[in-house]
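Please read the structure below before turning to the comments.
4 protein chains.
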Amino acid sequence: MINVTIWNEYVHEKIHDEVKAVYPDGLHKAIADGLAGESFAIRTATLDEPEHGLTDEVLNTTDVLIWWGHMAHERVSDEITAKVVRRVQQGMGFIVLHSGHFSKPFKALMGTSCDLKWREAGEQEIIWCVNPSHPIAEGIDSKIVLDHEEMYGEFFDIPTPDELVFVSNFEGGEVFRSGCTFRRGSGKIFYFRPGHETYPTYYKPEVLKVISNAVKWAYPAHNAQPVFGMSQPVRPFKEILV
Amino acid sequence: MINVTIWNEYVHEKIHDEVKAVYPDGLHKAIADGLAGESFAIRTATLDEPEHGLTDEVLNTTDVLIWWGHMAHERVSDEITAKVVRRVQQGMGFIVLHSGHFSKPFKALMGTSCDLKWREAGEQEIIWCVNPSHPIAEGIDSKIVLDHEEMYGEFFDIPTPDELVFVSNFEGGEVFRSGCTFRRGSGKIFYFRPGHETYPTYYKPEVLKVISNAVKWAYPAHNAQPVFGMSQPVRPFKEILV
Amino acid sequence: MINVTIWNEYVHEKIHDEVKAVYPDGLHKAIADGLAGESFAIRTATLDEPEHGLTDEVLNTTDVLIWWGHMAHERVSDEITAKVVRRVQQGMGFIVLHSGHFSKPFKALMGTSCDLKWREAGEQEIIWCVNPSHPIAEGIDSKIVLDHEEMYGEFFDIPTPDELVFVSNFEGGEVFRSGCTFRRGSGKIFYFRPGHETYPTYYKPEVLKVISNAVKWAYPAHNAQPVFGMSQPVRPFKEILV
Amino acid sequence: MINVTIWNEYVHEKIHDEVKAVYPDGLHKAIADGLAGESFAIRTATLDEPEHGLTDEVLNTTDVLIWWGHMAHERVSDEITAKVVRRVQQGMGFIVLHSGHFSKPFKALMGTSCDLKWREAGEQEIIWCVNPSHPIAEGIDSKIVLDHEEMYGEFFDIPTPDELVFVSNFEGGEVFRSGCTFRRGSGKIFYFRPGHETYPTYYKPEVLKVISNAVKWAYPAHNAQPVFGMSQPVRPFKEILV
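Protein chains in written order, with UniProt numbering: chain V, 1 to 242; chain B, 1 to 242; chain E, 1 to 242; chain D, 1 to 242.
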């Protein structure tokens, strides 16, 4: 059983009618419902809860954290950001969706601006798999077609991903590295592009399948935690002290 | 249940007393015994069997192939080599051990000479994990100490590994990229350095644990097979034929 | 002064009127003319010359080899293929254009099928830079627009590139990793997608600029050649011989 | 002419006699002298200068910044740290030496703890080249032997380097990824391990040669600056606005 926490800023859905129409109970609820068939223990957390719903108790018992944010990135406190970053470095999986590219924890883990091109024009996105043996692509056909999505275009200012799993083609001519893995410390990170708040992207089975695969991939294995600091030699030798 | 085939050239163990003393029934038998506790269906195959034991039936029902060879690389037929390479590209996992770096299928999959420095002097090897969240390092401490091993030293002429999992320190001063992953087509490859035929390396629990982890990692998931060739557009446009 | 040899199979241009119309003296001549302003010493070589124009003398004095082939890959001899592969591994730069993805030396250096999707429909290709600090992208705007090109689509069956420099968007909906670097031995390889024989792609300044940048990037520096084989310890220790 | 600024916290050399004995005018002076033969315009800057010597004027006219710090990382202001990080993302080369692994700008650019194992015992370090065609290894033999150095050991908590150039072997049994490249935004970063303040490492020609090579590699080429934000389509299509 994998403990999954789905974090959503949950602001658009309360104040924008066109978003409420698509996700009446919030994006997090749609994703939680979509993952319900998996053997995940799912919790949700949102910005307006105390500590944004990410108390030490919640973070310390979360195996994989899913993150969606957009218009309220700056309202996430630096303290909670630092805790999320530290937990990822200690092994918690971290799945960052769509506009989460500009979230505080993702930017801190990347060390770059995470900026990109964008356009809201309801255009077609075709997501192609460029890594056919990757577990995050399991059960996914060679492509996923989304009839209407926001465009994100390169240059996407991230470090070179450890693995590139998906690349998108947009109707207006852009491309985007849409599925990217990164390792930071003992934690695994997956960025997945689709999911603008005005489109029913998170009801789409293939999109949910990718997120579900990513949860399993990002689950922290029982690997040894690295040991740091002053260290005795494994092999004796004649020390020369200054 | 993962179908594992352990291939060993099985020559040293028949003709060299010091090897026979360590691996009386062959290296493949020691590895097979060492993996017996896992839920693997294990077969072995050796050079002198018809088609080197790698008939179409065997290859087509093998999920992960483990390979050990040294003095008889050239006796592996080009036809069987081509079949192994094709099966890896189609998804079969491939775990190449120690002197298998010079085997025909590994060299064909790498596109490089796969050459290296070496020395048989019974020196200490310390294998360090440099990728603490990788599934191949699961359950492995920060290091594995082998009291006596053959030295392999850089430059190891392989393509840049997709992932570097282990790096070795040798008593005589060399380093070596000892645990390396590669993807070729739909297949996953893991090269693991230790295992000279005169040392009891393949009885060592940590070494067997790494091999076992690698089998699970290399197991082909049920991903879509890539489609190649002439392709209709996903999105209609006005064709301009020459 | 960089010694560049441009190899072209030079078959289409002799027998297909629509190709002859675009490249009357051969693709190699167009590329050679396009690079003439650089401080390169340029030679050309073609399939029908003795040893395909790639004699030992030519190969041994070539710093960077550019390769275009398509309909006659199988007519390149295995002997010349092996010599090209060896020279690349020893340091010669190798720039593989368009349908050269299926050439014998490129496939041997990759260890994969190098297969892909394709369509000849004169559609628009937009090549985006995803690596803005890479020397191969120097002087190139964020994108190159080619009004009419053959489509190549993912999955492109290559090993994960060491560096991804360009990604293409095609009008029909596909994407393609269009600019990829690889290192093999001491040699640097750049694959660059555009250049179907029926379009005037190799007269386009941005395309020529990329090829020119790649030549400079692939030029072999005066690095130490790796040393292989039996090796004395750098640091003395007590040997334990079997 | 490449504008190089060498930044040194310059504290040890003033207060520790054994450091003063090795670097009487500061580590920065030794490095500046060592690079004097190159066509670099070299400035130095230190912690105690106003704005740590890194005024906007200095940063904006620096092509490549070299950084050495150890005991006073926390005294570097957050404001100057942010400026250095931004300049790197905009293209300034950044060469981080030895204990600079724990400097504020390096940690911010990596997104990890950058922690490691260490031991001060004057042991031998042997630095091996694992990337023989990399420009940072130009003119360097297969190895560099440093008779006495501080040990740094894995796991080194950095993101997977874009390129691994050097790996160290330490007498006490450890290994370390000693030469690592990273790209962040438009900037190139090179981390180079050796250089403890009590050893004359920065007088060693091979060490200076690596630093000099790295300066040339990290020099920002005249690549197009990425464009971000709202973007018009390259290829017209029927917009569907919400």
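Cβ atoms here follow ideal geometry from the backbone N, Cα and C, with glycine treated the same way.
Only a predicted model underlies this, so the values are computations on that prediction, with no experimental measurement involved.
Here DSSP, grouped into helix, strand and coil, assigns His148/V to strand. Taking the CA atoms as reference points, Ile127/E sits about 27 angstroms from Ser133/D. Contact between the region 165–178 of chain V and the region 217–230 of chain B is absent: fewer than 3 CB-CB pairs across the two stretches fall below 8 angstroms.
Among the residues of the region 218–230 of chain B, those with a Cβ less than 8 angstroms away from any Cβ of chain E are Pro226, Val227, Phe228, Gly229 and Met230, in the order of the chain. Only buried fits Ser186/V, as 16 or more other CB atoms lie within 10 angstroms of its CB.
Gly195/E and Ile140/E have their alpha carbons spaced roughly 17 angstroms apart. The C-beta distance from Glu123/D to Met151/D rounds to 6 angstroms, short enough to meet the 8 angstroms contact threshold. In its chain, beyond the 5 residues on either side, His12 and Val19 have a beta carbon closer than 6 angstroms to the beta carbon of Glu197/V.
In this structure Glu174/D is not in contact with Glu206/D, their Cβ atoms being roughly 21 angstroms apart against a cut-off of 8 angstroms. Of the other Cβ atoms in all chains shown, 16 or more fall within 10 Å of the Cβ of Lys209/V; this residue is therefore buried. If only uninterrupted alpha helix (DSSP H) runs of at least 4 residues are considered, those enclosed by the region 64–96 of chain B are 78–89. Listed in chain order, the positions of the region 136–152 of chain B with a beta carbon within less than 8 angstroms of a beta carbon of chain V are Ala137, Glu138, Gly139, Ile140, Asp141, Ser142, Lys143 and Val145. In terms of beta-carbon proximity, Gly53/B stays away from the interface with chain V, with every pair separated by 8 angstroms or more. For Val207/B, not one C-beta of chain V is nearer than 8 angstroms to its own C-beta.
If you look at Glu174/V, you'll find it isn't in any beta strand (DSSP E); DSSP assigns it neither H nor E. Ranked by Cα distance from Phe156/E, the options Asp157/V, Phe166/V, Asp162/V and Phe192/V are led by Phe166/V. With respect to Val130/B, Ile189/B sits apart: the two C-beta atoms are not nearer than 8 angstroms. Straight-line measurement puts the Cα of Arg184/V at about 9 angstroms from the Cα of Val85/V. Taking 8 angstroms as the cut-off, the Cβ atoms of Trp217/B and Pro135/B count as close.
Between the alpha carbons of Trp68/D and Val58/D lies a gap of roughly 17 angstroms.
Out of Glu74/E, Pro161/E and Pro50/E, the CA that lies nearest to the CA of Phe192/E is found in Pro161/E. Identification of chain B residues near Met110/E by a Cβ-Cβ cut-off of 7 angstroms yields Gly111, ordered along the chain.
Nearest CB-CB separation between Pro233/B and chain E: below the 8 angstroms threshold. For Tyr23/V, the three-state secondary structure derived from DSSP is coil.
Taking the C-beta atoms as reference points, Phe94/B is found no nearer than 8 angstroms to His73/B.
Along the region 185–211 of chain V, the positions whose C-beta sits under 9 angstroms from a C-beta of chain B are Gly185, Ser186, Gly187 and Lys188, read in chain order. At a cut-off of 8 angstroms between C-beta atoms, Pro161/B does not count as an interface residue with respect to chain V.
Ranked by how close their Cα comes to the Cα of Asn60/V, the residues Ile240/V, Pro236/V and Pro220/V have Pro220/V in first place. For the set Glu120/B, Ala82/B, Gly111/B and Pro24/B, the Cα lying nearest the Cα of Ser99/B is the one of Glu120/B. For Glu171/D, the closest Cβ of chain E is nearer than 8 angstroms.
Residue Glu138/D holds the alpha-carbon nearest to the alpha-carbon of Ile211/D among His148/D, Val145/D, Glu138/D and Pro159/D. Annotation for Asp25/B: Glu13 place their beta carbon closer than 8 angstroms to its own, counting only its chain and skipping 5 residues before and after. Any Cβ of chain E closer than 8 angstroms to the Cβ of Trp118/V would place that residue at the interface, and such an atom is absent. Contact of Gln124/V with chain B by beta-carbon distance below 8 angstroms involves Arg235. With a threshold of 16 other beta carbon atoms within 10 Å, Glu125/E meets it and is buried. In the DSSP annotation of this structure, the continuous segment of the beta strand (DSSP E) that includes Ile126/B starts and ends at Lys117 to Cys129.
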